[in-house]
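Chains as they are written, first to last, in this note's numbering: chain A, 1 to 376; chain B, 1001 to 1376; chain C, 2001 to 2376; chain D, 3001 to 3376.
Here a beta-carbon is modelled for each residue, glycine too, at the ideal position from N, C-alpha and C.
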């Protein structure tokens, strides 16, 4: 058995490494900015190692990996340097396909949060990673962050270990369709405001930056707050799974925003329906977001996919999509409802569990297959 | 064992017989006008017989029945008088709950189509039928008519035996929710036009009559073309499952209407999107139909439930619902997408099969439970 | 459309009609002696009719049928002549494959029980029925008679309508394997004695007659009590699903046999285990039955398949099989346990329901595929 | 938040820590000798750490853990000292139940293989671990070692990462029944000989030692080769899942045993049946093993549970059980067939995958519930 030789990510020829997730200007060490961000390699040799540097405060990153498409391991990474062996003693000549991903979402509340891939160690050769011919971008909230995809039904802590990309309708759907993917999501955030009426917590505000969710000096040093280069990766489909937190905000107390000294509250009418003025704030945000999405993604089909935690906003979202459609004459946009989470499919802290993510990915896969003519 | 005594439907006290489906002025013999129309009784005694008179031309009626909630039999009925034994030699003192229903939709193309229940024969006593506290009206097309719910995948004939109410998301949902139901549906029809661009084939045109679908002297003699008395049965929920045929019409050749000498065609734009003028025809029809529904059903929640054969019309339908909502200020209306039929769930002639109806009923049951607060 | 022409069963060329189930010397009218007994034809034309004569006392026969492999109808037949339309108005040139079967077991307690197929009426042509290359004989008790495969969980009457061949692991397995089948079964009977210790109720006592279960002048007139001609149909596999009632007998009161004036009782030891003497009675019966089976079926693989209602007799049955194996040097025999029925899979009166029959057929199909090398 | 305080396993009161798996005389550091061996604690506080020392040569140990009954993490441990954080930043006052287990079987081919738990670190309190009232011992081969429970279908390497106790019918069954468990298993071994005819590879040869599978100085130093103290843990049920490799040996080439210079081969007759002499070797081994099991476990019900990779040995195993039953008069023994693995349920290298383990645990749970009267 040859000894392990280490390669910086930047040393590996592009055709020999596939990178999942948005990237900024830094490739070495390679930052994994979002949940689902990661790498895929196909290697010969007996062993594979991955060198990482991680940091975090409250929300430590978790990682997971697959061997030949099958889930193999999942673990917490505390701040520091890591050299993790992903497999050893395998038959050397057979190519092994390894996908290594970040489980934890871009952590807007943890400035130190960081996962950097420094080097890959192998004692064989890098082989070509089969090219993904399809690309899907998923933009979402806690559902797309996989909150509750791990954990027992009674668990209610809001901590990193319950979030994932390994049990996630988005990665499942991409895998079903043999597609490359980007995930951009944040638990608790909406298209207009967060679950708690915090109007700063909306995905559109960060969409145009590389990873607007990740702040702090070390994140900013690697360019997370810089404008994202949309030309570098043009998706075929954009799935927007937002609205769940906007809907919740109507049932939450007012939010005092220390930044502008104002108090915000989405209001219900006496009959329980949405205050029209507030509903229109969401609609304006959707119209505006669709406009931004189209600006940067000229050809992508935009599918607003919503419903895994209730479908209360169906008419609000579609009214906004129709307004956008009407004003822009852009018909390359659709609305698709995802199956709701039930007591049989729920995970921890009342979020979608494995079965809910699986159900949603089945329906979404079928939808995109037909919509995009991706018939095999 | 006592001998069988026969009772006209009109002789059975109301609390001892439950009638499913819309009724006109005639109760004796009792016409079963729609698929799912039928009766339910709870009886002691060893045997139960049902006396029927049926007629038909091309599309013979089928019937099915349940004993204590479990499917037991299903058969074709050719024109004539029938006296069918539904059970015999059962333990006499135990009450048996029997539901007997028409499988075939109201048959707009078969003027002779008729199912009349004349008498029920028992050798025990009629017991009280537990009251249904919830009421759901389903308005639909071939999906709600259960087309393809029986039959092999390769079967493509358009005949009565493939239609049913015994394998049907609507009756399944009503049973799940312990609800009384009305079904009003017609294969091939839409909310604006039929699958073949025939603008006469829209459900709104028949909704206000007892059974506007059933014509011909014998049907008219029992009042099918008379105005329906909406006060006699006010649903808690109206499920409208229409749009599938309107969507299909865009891909079909023009239709020449012999009645007005005009040709009709829903048009596609060059990019495959809907011609806006034609799309608005559907939307107008929806707004208008919602207005009619509300006029006759002041308190019902109206849920437009669509998607079992594709969801192409999601944005069209919701745009119309939102227009209605905006102009009427009526917020007691919602849109809910039903799960699509796949190759794993399809029945005959590319319509929903058993599993598709079961899936749809699960999601719809969950939706209505939450929406209506029907939590047990 | 041509008018219907009727053909006696005996007039239809053998290659154009497949008969399921054991037959005696009478082919016209064709008696359907067992549950699952029936016919299969492939016909063109628009309509198909079947002329039957039936009789019964307490246990009226039920029948069911399939069109192109899909379940279509199921109904009770009271004594008399019937002319049943199985389909009408179908596309005339397309061949339709119809399977029509008896649901009710050979009824040992109802001497009048009778189902005779007299004629088939069509307005097209009989086509060749694809030949079944595999043959399976199933010998069993209430499980193989499909008791409880229809009906609600709370139903406990012991009546014909709860029995079937249309929901039955045996017919499911045969269909999965594209095999012809014979069913020979009787509810309550065992390999040594019935559930109630009645030693007359054992399948071996009737196995060598055409249909030893069916007595009475009219049955005997068609030869049910005559020796069966085993050469006429040599199965590839014999599945024996017996033992469930023998096991039950240990927990039942003694049985007084009026025929010999003796009382019979299978005894338990104080620790709940089987009295060895009585256990050996079952084993002797099994050894003897295996010997008889082999005598008449030289080449068949004999698989004792047991366990759908508990597996208490596993060691008893296998001890007997091993004794047989040891004394006969016949190794072409096996034991296979079927999955037990649970509260999730139970049907009526605590017998296997649809899901239990489906589960059992899946495991049995897999077993026979491997055992017999029936790999496609 | 208080700082973490570390406790040696031996310092934790017995009621506050549950140990899964056989133990020898050493409790500190606590060796995890078998797959499924591990600990369970219930703690308050925000964080939990576990200090381990591991060693291995070719087959590195893997570990997995659960939080409140839900799978959370799984990773490889290379030789050395480890301090692993199992959770952090949780709500301090809520008790958390943590189960940490070894995934890798006792590794008979890797003398260095070792997993030692040294200390548990918490910043809260140990609470009482609810007592397990039921105890099950599982004795098996690769199936019970969870071989192939992880990995892609095409994977064929025989390496540690594909084995587990986290996806395993044995641990699933114990959890379903709320039972404590011991696992004693070895891939490739049989009750008489290994898959390759190596007669040294039989579980009975190691059963009476603490962990006879683990050799080498460091293992022996902690007493693995010493006699096991059966009085320390008396199971209610012993599940023996052996025979799969004995069956395979008939189809493998002869094995030359360097220890005695002899060649071994289980032979087939020309007709493919087992050579009777060789079959009897297996039966003798079974009778003898049952005798040993009974000697050490006076009251346990012994259930031989077999069939997840074919049921070829059903008659052989049961013949042996019946011989044992006959000679010992011990009736507290049974045979239960587990569902076979199919292409839908297979894992890697043709071993049971997740679905097969899940199916088997469902049937086994149901069986033991009924057999033992463990009705809730």
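Between residue i and chain B, is there a C-beta pair that is closer than 9 Å?
{"i": "residue 2267 of chain C", "result": "no"}
{"i": "residue 2067 of chain C", "result": "yes"}
{"i": "residue 2087 of chain C", "result": "yes"}
{"i": "residue 321 of chain A", "result": "yes"}
{"i": "residue 2112 of chain C", "result": "no"}
{"i": "residue 2189 of chain C", "result": "no"}
{"i": "residue 271 of chain A", "result": "yes"}
{"i": "residue 248 of chain A", "result": "no"}
{"i": "residue 331 of chain A", "result": "yes"}
{"i": "residue 334 of chain A", "result": "yes"}
{"i": "residue 263 of chain A", "result": "no"}
Could you round the C-beta distance between residue i and residue j to whole angstroms and report it? I think they count as a contact, below 8 Å.
{"i": "residue 366 of chain A", "j": "residue 1089 of chain B", "result": "Actually they do not touch by this definition, with Cβ atoms about 48 Å apart."}
{"i": "residue 3069 of chain D", "j": "residue 3165 of chain D", "result": "The pair is not a contact, with the Cβ atoms about 15 Å apart (cut-off 8 Å)."}
{"i": "residue 237 of chain A", "j": "residue 136 of chain A", "result": "5 Å"}
{"i": "residue 2275 of chain C", "j": "residue 2264 of chain C", "result": "Their Cβ separation, rounded to whole angstroms, is 13 Å, which puts residue 2275 of chain C and residue 2264 of chain C out of contact at 8 Å."}
Give a yes or no on whether 9 Å exceeds the smallest Cβ distance from residue i to chain D.
{"i": "residue 2311 of chain C", "result": "yes"}
{"i": "residue 2370 of chain C", "result": "yes"}
{"i": "residue 2307 of chain C", "result": "yes"}
{"i": "residue 300 of chain A", "result": "no"}
Counting only C-beta atoms, is residue i closer than 9 Å to chain A at any point?
{"i": "residue 3100 of chain D", "result": "no"}
{"i": "residue 1367 of chain B", "result": "yes"}
{"i": "residue 1185 of chain B", "result": "no"}
{"i": "residue 1339 of chain B", "result": "yes"}
Closest to residue i by CA distance: which of the options is it?
{"i": "residue 3034 of chain D", "options": "D:3006, D:3086, D:3187", "result": "D:3187"}
{"i": "residue 2288 of chain C", "options": "C:2207, C:2029, C:2376", "result": "C:2207"}
{"i": "residue 3012 of chain D", "options": "D:3022, D:3191, D:3148, D:3039", "result": "D:3039"}
{"i": "residue 3054 of chain D", "options": "D:3116, D:3203, D:3223, D:3343", "result": "D:3116"}
{"i": "residue 2212 of chain C", "options": "C:2109, C:2086, C:2321", "result": "C:2109"}
{"i": "residue 245 of chain A", "options": "A:266, A:174, A:371, A:150", "result": "A:266"}
{"i": "residue 2296 of chain C", "options": "C:2232, C:2349, C:2354", "result": "C:2232"}
9 Å is my cut-off, CB to CB: does residue i come that close to chain C?
{"i": "residue 3169 of chain D", "result": "no"}
{"i": "residue 3315 of chain D", "result": "yes"}
{"i": "residue 3105 of chain D", "result": "no"}
{"i": "residue 3363 of chain D", "result": "yes"}
{"i": "residue 3346 of chain D", "result": "no"}
{"i": "residue 3192 of chain D", "result": "no"}
Let me check one thing: in DSSP terms, what residues is residue i bridge-paired to?
{"i": "residue 3227 of chain D", "result": "D:3209"}
{"i": "residue 1354 of chain B", "result": "Answer is none; residue 1354 of chain B lacks a bridge partner."}
{"i": "residue 2075 of chain C", "result": "C:2063"}
{"i": "residue 1334 of chain B", "result": "B:1303"}
{"i": "residue 1257 of chain B", "result": "B:1262"}
{"i": "residue 323 of chain A", "result": "Partner(s): none; residue 323 of chain A has no beta bridge."}
Problem - Complete beta strand (DSSP E) runs within the region 3038-3062 of chain D (minimum length 3 residues, chain order) - result: Segments of the beta strand (DSSP E) lying fully in the region 3038-3062 of chain D: 3038-3043, 3048-3055.
Practice task
Enumerate, from N- to C-terminal direction, the unbroken beta strand (DSSP E) stretches of 3 or more residues contained entirely within the region 6-41 of chain A.
Solution key: For the beta strand (DSSP E) assignment, the uninterrupted runs of no fewer than 3 residues enclosed by the region 6-41 of chain A are, from N- to C-terminal side, 18-20.
Exercise for the section: Within the region 3120-3177 of chain D, note down every full alpha helix (DSSP H) run reaching 4 residues or more, in order along the chain. Expected result: 3169-3176, all fully within the region 3120-3177 of chain D.
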